[in-house]
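Student: Sending over a structure as structure tokens; questions will come in a sec.
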Amino acid sequence: MTRDIVFLELILGFPLATALILALLRGRGSRSAGWIAGGSALVTLGSAFALLPALYGGSEPAVAFSWIPAANIQLRLHVDWLTLPFLVTEAAVTLAAIVYSWGYHKVDARSGYFYALLLLFGVGMSGTTLADDLFLFYIFWELMLIASCVLILIWGEGERRGIVALKYFIFTHIGSLMVLVGLLMLYGATGSDSLAMMRAGGWSLEPALLNTVLLLFFIGFSVKMAIFPVHLWLPDTHTVAPMPVTIMLAAAMLSMGTYGILRFPFSLFSIEHIAPFALPLMIAGLVSEIYGALMALAEQDIKRIIAYSSVSQMGYILFGLGTLTRAGIEGATLHVIYHAIVKALLFMVTGLVIRATGTRKIEALGGLGKALPGVAVCTAIGALGIAGMPPLGIFNSEWMIFAGGFETARIVPSMLTLFGSLLTVVYALRFFGRIFFGEQPQNLKIRSLPRAMLYTTVAITVLLIVEGLFPAPLFDWVAQELTLLLGGGL
Amino acid sequence: MAESTWVILPLLWLFGGAFALGLLGRLGRMRNTFLAGATALICTGGLLWLIPLFALTQSAWVNQTALPSWSGTASGGIQLRATPSALVMTALALGLGLLIAIYSGQYLARDRRYATAYPLLLLMLTGLLGMLLTTDLFNLYLFCELLSIAAYVLVAFRRHTDTSIEAGFKYLIMSSVATLIMLLGISWIYREVGNVTLPIIEGQDSLWLRLGIACFLVGLALKSGVAPLHTWLPDAYGRAPSSVSALLASVISKSTLLVLLRVTLGLGLPAPILGIVFIFFSFLNMTLGNALALIQRNIKRLLAYSSIAQTGYILFALGIGLRYDIPAALNAGFFLLLVHALLKALAFLSKGVCHFYCGATQVKDLQGTAHQFPLVALTFSVSLAGLAGIPPLAGFAAKWFILAASLTAQDTLAYVGVAIFLLNSVLALGYYLPLIVQIFTPPPIGDTARQRVSLWISIPLILLGALTLSAGLQSTPWLDIATWLNFFE
Numbered sequence: 055m056t057r058d059i060v061f062l063e064l065i066l067g068f069p070l071a072t073a074l075i076l077a078l079l080r081g082r083g084s085r086s087a088g089w090i091a092g093g094s095a096l097v098t099l100g101s102a103f104a105l106l107p108a109l110y111g112g113s114e115p116a117v118a119f120s121w122i123p124a125a126n127i128q129l130r131l132h133v134d135w136l137t138l139p140f141l142v143t144e145a146a147v148t149l150a151a152i153v154y155s156w157g158y159h160k161v162d163a164r165s166g167y168f169y170a171l172l173l174l175f176g177v178g179m180s181g182t183t184l185a186d187d188l189f190l191f192y193i194f195w196e197l198m199l200i201a202s203c204v205l206i207l208i209w210g211e212g213e214r215r216g217i218v219a220l221k222y223f224i225f226t227h228i229g230s231l232m233v234l235v236g237l238l239m240l241y242g243a244t245g246s247d248s249l250a251m252m253r254a255g256g257w258s259l260e261p262a263l264l265n266t267v268l269l270l271f272f273i274g275f276s277v278k279m280a281i282f283p284v285h286l287w288l289p290d291t292h293t294v295a296p297m298p299v300t301i302m303l304a305a306a307m308l309s310m311g312t313y314g315i316l317r318f319p320f321s322l323f324s325i326e327h328i329a330p331f332a333l334p335l336m337i338a339g340l341v342s343e344i345y346g347a348l349m350a351l352a353e354q355d356i357k358r359i360i361a362y363s364s365v366s367q368m369g370y371i372l373f374g375l376g377t378l379t380r381a382g383i384e385g386a387t388l389h390v391i392y393h394a395i396v397k398a399l400l401f402m403v404t405g406l407v408i409r410a411t412g413t414r415k416i417e418a419l420g421g422l423g424k425a426l427p428g429v430a431v432c433t434a435i436g437a438l439g440i441a442g443m444p445p446l447g448i449f450n451s452e453w454m455i456f457a458g459g460f461e462t463a464r465i466v467p468s469m470l471t472l473f474g475s476l477l478t479v480v481y482a483l484r485f486f487g488r489i490f491f492g493e494q495p496q497n498l499k500i501r502s503l504p505r506a507m508l509y510t511t512v513a514i515t516v517l518l519i520v521e522g523l524f525p526a527p528l529f530d531w532v533a534q535e536l537t538l539l540l541g542g543g544l
Numbered sequence: 215m216a217e218s219t220w221v222i223l224p225l226l227w228l229f230g231g232a233f234a235l236g237l238l239g240r241l242g243r244m245r246n247t248f249l250a251g252a253t254a255l256i257c258t259g260g261l262l263w264l265i266p267l268f269a270l271t272q273s274a275w276v277n278q279t280a281l282p283s284w285s286g287t288a289s290g291g292i293q294l295r296a297t298p299s300a301l302v303m304t305a306l307a308l309g310l311g312l313l314i315a316i317y318s319g320q321y322l323a324r325d326r327r328y329a330t331a332y333p334l335l336l337l338m339l340t341g342l343l344g345m346l347l348t349t350d351l352f353n354l355y356l357f358c359e360l361l362s363i364a365a366y367v368l369v370a371f372r373r374h375t376d377t378s379i380e381a382g383f384k385y386l387i388m389s390s391v392a393t394l395i396m397l398l399g400i401s402w403i404y405r406e407v408g409n410v411t412l413p414i415i416e417g418q419d420s421l422w423l424r425l426g427i428a429c430f431l432v433g434l435a436l437k438s439g440v441a442p443l444h445t446w447l448p449d450a451y452g453r454a455p456s457s458v459s460a461l462l463a464s465v466i467s468k469s470t471l472l473v474l475l476r477v478t479l480g481l482g483l484p485a486p487i488l489g490i491v492f493i494f495f496s497f498l499n500m501t502l503g504n505a506l507a508l509i510q511r512n513i514k515r516l517l518a519y520s521s522i523a524q525t526g527y528i529l530f531a532l533g534i535g536l537r538y539d540i541p542a543a544l545n546a547g548f549f550l551l552l553v554h555a556l557l558k559a560l561a562f563l564s565k566g567v568c569h570f571y572c573g574a575t576q577v578k579d580l581q582g583t584a585h586q587f588p589l590v591a592l593t594f595s596v597s598l599a600g601l602a603g604i605p606p607l608a609g610f611a612a613k614w615f616i617l618a619a620s621l622t623a624q625d626t627l628a629y630v631g632v633a634i635f636l637l638n639s640v641l642a643l644g645y646y647l648p649l650i651v652q653i654f655t656p657p658p659i660g661d662t663a664r665q666r667v668s669l670w671i672s673i674p675l676i677l678l679g680a681l682t683l684s685a686g687l688q689s690t691p692w693l694d695i696a697t698w699l700n701f702f703e
């Protein structure tokens with residue numbers, strides 16, 4: 055048990071300490087900053103995996119300190135089966151993004167801060183998943199926003215980064231405030247900020263307040279998931295952010311919204327309480343899915359195409375949650391994991407193409423298949439992956455989500471989602487085809503690519519294939535999570 | 215020493231210190247750093263004198279005996295009483311005064327008349343201490359005048375600029391009207407009750423007493439910058455030297471708020487009514503302060519409007535606490551009061567550095583601060599983010615406590631208030647964040663050399679920054695202090 059607690063503390067403490075050291079080293083550690091950060095991210099990922107035996111053993115490692123006794127606020131970290139899939143995904147994405155930065159980021163006097171902030175961004179996300187009290191949850195929830203915002207503000211691409219960072223902050227902060235009010239209402243109802251006590255039950259909310267709380271949570275977390283129409287912050291942010299940050303934003307941070315929905319409405323309230331919101335969630339998911347796919351089709355900037363594809367994919371997840379069926383929720387969680395891998399891969403190849411050609415306009419690209427065969431293969435696998443091609447992972451999760459949809463009596467939205475996924479195939483193939491097939495424009499010069507960027511991309515591609523071929527462990531984790539959420543019923 | 219001596223000692227010490235420094239400045243040309251050091255020493259002395267007083271008050275408080283007090287005449291009359299709340303505010307004022315004195319050691323170096331600033335600073339603190347300690351309305355009026363006169367002169371300290379004179383004059387006129395109204399109130403209360411010592415005996419309710427309460431409500435509200443009587447504030451804070459604005463915005467205006475609370479309740483105004491008044495004006499303060507801050511181009515005016523908004527948040531918390539009798543809300547309000555004092559002082563002092571070294575007055579002038587003064591960029595953005603209520607800084611803890619306490623009221627007015635509060639905190643991001651963005655925007659090419667900041671300036675900044683960070687990461691001690699503020703009778 056003590057061993058598990060050490061791992062639990064390492065997940066947050068190690069990168070936090072590393073970030074502090076990198077910041078204190080200032081310019082001196084610039085050269086090795088990338089290595090140090092990478093090592094730290096590896097420790098985080100390793101510690102997350104090291105908690106698996108304890109979870110399989112049926113225990114839930116937790117650690118708690120009294121923090122603000124006057125207000126009954128504790129500092130409590132805790133791992134359960136709901137935490138784990140998100141924690142591992144997020145830690146893996148952070149590691150991949152940092153390794154990718156070794157090639158992407160040019161070392162200068164401020165590199166230490168860059169890697170420190172990437173680590174802090176990761177800490178924000180792992181802290182959000184580990185926090186077992188409301189106060190701490192919100193602090194980490196905002197930490198990921200602050201760290202990513204500073205990264206965009208300082209290292210973003212283009213002159214508009216200041217404005218974009220502002221828009222990002224204010225937009226998502228409004229969502230956070232809704233979440234905050236929801237948290238405070240829970241805090242008021244239970245008189246404690248401990249989630250463990252809330253899960254234990256023995257508290258109640260008036261029906262009117264209960265619906266308000268749920269509404270606040272659903273809208274607030276949807277902002278983070280970039281669901282239409284509260285997705286407006288996403289395309290600009292993803293476009294302007296430096297590529298490693300975009301990878302972390304798209305592959306990991308968006309799914310924190312999913313985690314929030316699962317952690318608060320789904321695990322604290324019973325299905326009957328959520329039932330009135332089921333159809334709105336499904337419709338919001340559906341609209342988001344189709345809108346995102348259409349925008350991805352219309353976009354000319356390759357980074358924005360992939361950015362809009364996130365809006366679309368988060369739509370699937372919300373739809374899956376909205377079905378309120380075992381298959382749907384299982385599919386949604388699996389989709390978080392598979393989407394993280396595919397989205398990381400797609401942004402990585404986008405970054406490679408931009409680095410090689412210096413342009414992001416899709417009409418200025420073409421025929422790169424000959425010059426960059428490796429990248430082309432990776433992109434092809436990524437494009438097939440997002441299109442839901444078996445045996446790549448997203449096929450599994452989409453299958454579950456659709457199955458969940460048809461399990462409910464709501465056939466029309468379920469049919470529409472199914473057809474909506476056709477649009478995904480179209481934009482994925484357009485993305486791949488327009489870049490790699492056809493004639494290479496005359497004036498397009500190909501520059502050489504950094505090895506770190508290439509290798510990470512290949513590694514993620516391999517991971518995508520492996521996870522598609524051997525989905526059993528993931529399914530097992532998620533099944534455990536569902537048992538936790540639904541108590542085996544439903 | 216007798217108990218009563220300890221009560222008056224800090225006052226006499228500061229008052230004497232002010233005169234001694236004034237005299238020294240007259241006798242010969244003293245170096246700025248010498249005067250700053252002497253002021254800092256006097257403030258430290260004042261803090262040291264407070265230690266036994268703290269012990270006495272605490273034992274009296276625990277044992278439920280009479281609080282330490284000092285009376286000038288045997289038959290009541292002039293009376294000072296060391297309430298826990300007064301002591302905490304005094305300590306805060308002296309602590310900030312100490313840091314600001316050190317800061318001035320460099321910051322005022324280029325002003326020709328620096329020698330006059332220090333005695334005035336001490337006089338201002340004396341007035342503040344008196345206002346906090348006295349239980350007698352007439353003395354309250356006198357100390358208030360002492361504070362104000364010193365403040366007028368300090369606001370107009372840089373008299374070579376027309377705007378400073380104008381701001382000082384505006385402050386003088388509006389503030390004098392406020393003190394006059396208070397004087398009128400005193401006469402009415404005296405006419406009715408026959409004495410002016412707080413608390414007035416209960417059960418007395420008459421038109422004249424009510425008018426007297428109203429006079430104090432208006433007068434002290436004007437002094438603490440409650441909208442719509444706030445119009446002097448942006449000019450005064452905007453034109454005064456940053457060190458003075460820091461003190462005015464952090465402790466002085468907020469102490470007047472505390473005095474307002476003490477006096478009106480002591481005069482027999484029922485708490486729920488005062489609560490409603492506070493809640494109503496808090497909406498006005500928040501909305502007006504934030505909306506007007508959004509359109510400011512001058513950094514100090516922006517910070518001044520942000521002070522108005524923050525006064526609104528404090529009023530809201532106190533109002534909820536008084537209206538619905540929720541002690542947690544009062545504590546949350548006092549917690550914000552403390553935290554705001556630290557954050558706002560830090561913001562003004564950081565701004566002062568940019569002004570001192572680069573002449574920055576407008577928001578756009580802050581461009582490149584992060585490259586030239588990394589420390590200042592850090593303290594400035596910490597203070598701004600804290601004021602915006604971004605976790606894990608102290609402003610967020612305050613926001614959490616206030617909202618949590620307001621939601622327990624379970625009343626429509628409270629819910630509406632929470633909604634307005636949240637809308638305002640979003641509105642506030644609209645001016646805090648661009649400032650931070652501006653600080654971190656790279657400077658135009660060729661202007662990137664890192665500059666050295668004098669120790670006189672960097673030490674107070676580091677200390678204050680560490681204090682604010684600690685208040686955010688571990689708010690328990692500050693919450694305890696905030697509960698002390700609750701005992702003002």
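So the protein sequences, as listed, match chains A and B. Just add 54 to the spot in the first sequence (first one is 1) and you have my numbering. Just add 214 to the spot in the second sequence (first one is 1) and you have my numbering. C-beta: ideal position from N, C-alpha, C; glycine also.
1) Find the residues of chain B that neighbour F189 of chain A, judging by a C-beta separation of less than 8 Å, and give them in chain order.
2) Under 8 Å Cβ-Cβ, which residues of chain B neighbour L231 of chain A?
3) Tell me the rounded alpha-carbon separation between V407 of chain B and L481 of chain B.
4) Taking C-beta pairs closer than 8 Å, name the residues in chain A that G644 of chain B reaches, listed in chain order.
5) Thinking C-alpha only, which one of B:T697, B:L334, B:L249 is nearest S535 of chain B?
6) Determine the direct distance from the alpha carbon of A623 of chain B to that of G609 of chain B, and round the result to whole angstroms.
7) Can you name the residues of chain C whose CB is closer than 8 Å to the CB of P123 of chain A?
8) Kindly indicate which residue of B:L488, B:I316, B:L677 has the alpha-carbon position closest to the one of T253 of chain B.
9) Does the stretch 425-443 of chain A come into contact with the stretch 372-388 of chain A, if we say contact requires no fewer than three beta-carbon pairs (one atom in each stretch) closer than 8 Å?
10) Report the rounded CA-to-CA distance for I200 of chain A versus F225 of chain A, giving the unit in angstroms.
11) Label S258 of chain A either buried or exposed according to how many other C-beta atoms from any shown protein chain fall within 10 Å of its C-beta, with 16 as the threshold for buried.
12) Here's the rule I'm using: 16 or more other beta-carbon atoms within 10 Å means buried, otherwise exposed. How should F615 of chain B be labelled?
13) Give me the Cα-Cα distance between K578 of chain B and Q652 of chain B, rounded to the nearest whole angstrom.
14) Using 7 Å as the limit for Cβ to Cβ distance, is L238 of chain A near chain B?
15) What residues in the stretch 600-628 of chain B have a beta carbon less than 7 Å from any beta carbon of chain A?
16) Given that F654 of chain B touches chain A, what residues does it touch there, using C-beta distances under 7 Å?
17) Have a look at A506 of chain A and Y154 of chain A and give me their C-alpha separation to the nearest angstrom.
18) Distance, Cα to Cα, L249 of chain B vs H292 of chain A?
19) Rounded to whole angstroms, how far is the Cβ of M500 of chain B from the Cβ of G533 of chain B, which I believe are closer than 8 Å?
20) Given that A219 of chain A touches chain B, what residues does it touch there, using C-beta distances under 7 Å?
21) Please report the residue range of the beta strand (DSSP E) in which R666 of chain B lies.
22) Please classify I403 of chain B as buried or exposed, where buried requires at least 16 other C-beta atoms within 10 Å of its C-beta.
23) Just to confirm the assignment, what range does the alpha helix (DSSP H) spanning H569 of chain B have?
24) Would a check of beta-carbon distances place E196 of chain A closer than 7 Å to chain B?
25) Chain A beta carbons: is any one of them nearer than 7 Å to that of L516 of chain B?
26) Under a Cβ-count criterion, where at least 16 other Cβ atoms within 10 Å of its own Cβ denotes burial, should K397 of chain A be classed as buried or exposed?
27) Please report the distance separating the alpha-carbon of P442 of chain B from that of A523 of chain B.
28) Would you call the CB atoms of W284 of chain B and L294 of chain B closer than 7 Å?
29) Throw me the rounded Cβ distance for the L342 of chain B and A307 of chain B pair, which I believe falls under 8 Å.
30) Kindly say whether L475 of chain B, judged by its beta-carbon, lies nearer than 7 Å to any beta-carbon of chain A.
31) Please tell me whether L188 of chain A and L237 of chain A are closer than 7 Å, where the distance is taken between their beta carbons.
Tutor: Taking the geometry as given:
1) Counting from one through the first sequence, the residue named residue 189 of chain A turns up at place 135. The contacting residues are W614.
2) As a position in the first sequence, residue 231 of chain A is number 177, starting the count at 1. Ordered by position in chain B, the residues that pass the 8 Å Cβ test against L231 of chain A are L636, S639, V640.
3) Residue 407 of chain B sits at position 193 when you count from the first residue of the second sequence. Residue 481 of chain B sits at position 267 when you count from the first residue of the second sequence. C-alpha separation (whole angstroms): 10 Å.
4) Within the second sequence, the letter at position 430 stands for residue 644 of chain B. The contacting residues are I224.
5) The residue given as residue 535 of chain B occupies position 321 in the second sequence. According to the sequence provided, residue 535 of chain B is Gly. The question's Ser does not apply to it. Comparing Cα-Cα distances from G535 of chain B to each of B:T697, B:L334, B:L249, the minimum goes to B:T697.
6) Indexing the second sequence from 1 puts residue 609 of chain B at position 395. Indexing the second sequence from 1 puts residue 623 of chain B at position 409. The alpha-carbon atoms of G609 of chain B and A623 of chain B are separated by roughly 22 Å.
7) Reference to chain C is not applicable here, since the protein chains of this structure are A and B.
8) In the second sequence, counting from the first residue as 1, residue 253 of chain B sits at position 39. The shortest Cα separation from T253 of chain B among B:L488, B:I316, B:L677 belongs to B:I316.
9) no
10) Taking the first residue of the first sequence as position 1, residue 200 of chain A is located at position 146. Taking the first residue of the first sequence as position 1, residue 225 of chain A is located at position 171. Approximately 13 Å, taken between the alpha carbons.
11) Locating residue 258 of chain A in the first sequence gives position 204, where the first residue counts as 1. Label assigned to S258 of chain A: exposed.
12) Against the second sequence, residue 615 of chain B aligns to sequence position 401. Looking at its Cβ environment, which holds 16 or more other Cβ atoms inside 10 Å, F615 of chain B is buried.
13) Position 364 of the second sequence, counted from the first residue, corresponds to residue 578 of chain B. Position 438 of the second sequence, counted from the first residue, corresponds to residue 652 of chain B. Taking the straight line joining both Cα atoms gives about 7 Å.
14) Here the question's residue 238 of chain A lines up with position 184 in the first sequence. Answer yes: the Cβ-Cβ gap between L238 of chain A and chain B drops below 7 Å somewhere.
15) I604, P605, P606, W614, F615, L617, A618, L621, T622
16) Translated into the one-based positions of the second sequence, residue 654 of chain B becomes position 440. Neighbours of F654 of chain B on chain A, chain order: L207, I208.
17) Sequence index remark: in the first sequence, residue 506 of chain A carries index 452 (1-based). Sequence index remark: in the first sequence, residue 154 of chain A carries index 100 (1-based). Distance between the alpha carbons of A506 of chain A and Y154 of chain A: 6 Å.
18) Along the second sequence, one-based indexing puts residue 249 of chain B at 35. Along the first sequence, one-based indexing puts residue 292 of chain A at 238. Cα to Cα, L249 of chain B sits roughly 55 Å from H292 of chain A.
19) Within the second sequence, residue 500 of chain B is the residue found at index 286, counting from 1. Within the second sequence, residue 533 of chain B is the residue found at index 319, counting from 1. Not confirmed; about 12 Å, so no contact.
20) One-based indexing of the first sequence puts residue 219 of chain A at position 165. Near A219 of chain A (Cβ distances below 7 Å), the residues of chain B are V651.
21) In the second sequence, the residue the question calls residue 666 of chain B occupies position 452. Note, R666 of chain B: premise wrong, no beta strand (DSSP E); not H, not E.
22) The residue labelled residue 403 of chain B in the question sits at position 189 within the second sequence. Result: buried.
23) Mapped onto the second sequence, residue 569 of chain B falls at position 355. Where H569 of chain B is concerned, the enclosing alpha helix (DSSP H) stretches over 541-572.
24) As a working mapping, residue 196 of chain A is identified with position 142 in the first sequence. Cβ-Cβ to chain B under 7 Å: yes for E196 of chain A.
25) On the second sequence, residue 516 of chain B is found 302 positions in, with the first residue counted as 1. Chain A contact via Cβ: absent.
26) Indexing the first sequence from 1 puts residue 397 of chain A at position 343. K397 of chain A is buried by the Cβ-count criterion.
27) Position 228 of the second sequence, counted from the start, is the residue given in the question as residue 442 of chain B. Position 309 of the second sequence, counted from the start, is the residue given in the question as residue 523 of chain B. Rounded to the nearest angstrom, the two C-alpha atoms are 12 Å apart.
28) Counting from one through the second sequence, the residue named residue 284 of chain B turns up at place 70. Counting from one through the second sequence, the residue named residue 294 of chain B turns up at place 80. Yes, they are a contact pair.
29) Position 128 of the second sequence holds residue 342 of chain B. Position 93 of the second sequence holds residue 307 of chain B. Right, the Cβ-Cβ distance comes to about 5 Å (below 8 Å), so this counts as a contact.
30) On the second sequence, position 261 is the one that residue 475 of chain B refers to. False, the Cβ-Cβ gap to chain A never drops below 7 Å.
31) Within the first sequence, numbered from 1, the residue matching residue 188 of chain A stands at position 134. Within the first sequence, numbered from 1, the residue matching residue 237 of chain A stands at position 183. Yes. Within cutoff.
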